[in-house]
Amino acid sequence: MLLADRRAPASGRRAPATADIDPTTGRGRLSYPRAEYLFKTASAELDPHRQGWTLHQLRHSALQHLAQAGRTAPKLQAKRAATSIWRALAAMRGPREGDVTCAVP
Numbered sequence: 037m038l039l040a041d042r043r044a045p046a047s048g049r050r051a052p053a054t055a056d057i058d059p060t061t062g063r064g065r066l067s068y069p070r071a072e073y074l075f076k077t078a079s080a081e082l083d084p085h086r087q088g089w090t091l092h093q094l095r096h097s098a099l100q101h102l103a104q105a106g107r108t109a110p111k112l113q114a115k116r117a118a119t120s121i122w123r124a125l126a127a128m129r130g131p132r133e134g135d136v137t138c139a140v141p
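All residue numbers for the sequence shown refer to our numbering, where the first residue is 37 and numbers rise by one.
Have a look at this one:
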């Protein structure tokens with residue numbers, strides 16, 4: 037969970053749900069767009085294209101590193117919350133020469 041830099045309001049219409057507040061610090065969870073904006077801004081200097089990376093790219097990279105480290109297919113599937121581990125693994129490795137692909141509805 038990515039947290040805001042200040043404590044969340046405790047009451048009122050802008051108070052977040054209890055599940056969106058860190059119980060230790062009292063800080064609120066960042067929205068996905070805000071978290072992605074901050075991550076892209078922070079990673080832009082490291083990105084060869086200077087655009088920064090998305091949270092999707094971060095998740096994808098993490099799964100690739102876990103697979104290379106020898107994590108089992110069920111553990112990768114649980115981490116990704118994928119419905120098909122084979123689709124998840126194929127997506128991580130990308131197409132290879134000779135692969136037959138088809139659209140899955």
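Think of the CB as a built atom: it goes at the ideal place given N, C-alpha and C, for glycine as much as any other residue.
Q.
Using a 10 Å radius around the Cβ and a threshold of 16 neighbouring Cβ atoms, would you call R116 buried or exposed?
A. buried
Q.
Given this structure, state the Cα-to-Cα distance separating L102 from D83, to the nearest angstrom.
A. 21 Å
Q.
Once the 5 residues before and after L74 are set aside, which same chain residues still bring their CB inside 8 Å of it?
A. Its chain contains L38, L66 as the residues whose beta carbon lies nearer than 8 Å to that of L74, once the 5 sequence neighbours on both sides are disregarded; these appear in chain order.
Q | CB contact flag (A40, R63, <9 Å) | A | yes
Q: Work out the CA separation of A109 and D56 for me, nearest whole Å.
A: Distance from the CA atom of D56 to the CA atom of A109, rounded to whole angstroms, is 30 Å.
Q.
With a threshold of 8 Å on Cβ separation, who are the neighbours of A44 within its own chain once the five nearest residues in sequence on each side are excluded?
A. A51, P52, D56, I57, G62, R63, G64
**Q.** Buried versus exposed call for Q113 [16 or more other C-beta atoms within 10 Å across all chains shown]
**A.** In the assembly as shown, Q113 is a buried residue. Its beta-carbon has 16 or more other beta-carbons within 10 Å.
Q. Which whole-angstrom value is the C-beta distance of G88 and A98, which I expect to be below 8 Å?
A. Not confirmed; about 17 Å, so no contact.
Q) Helix, strand or coil: which one does DSSP assign to D41? A) Strand at D41.
**Q.** Where R65 falls: helix, strand or coil (DSSP)
**A.** strand
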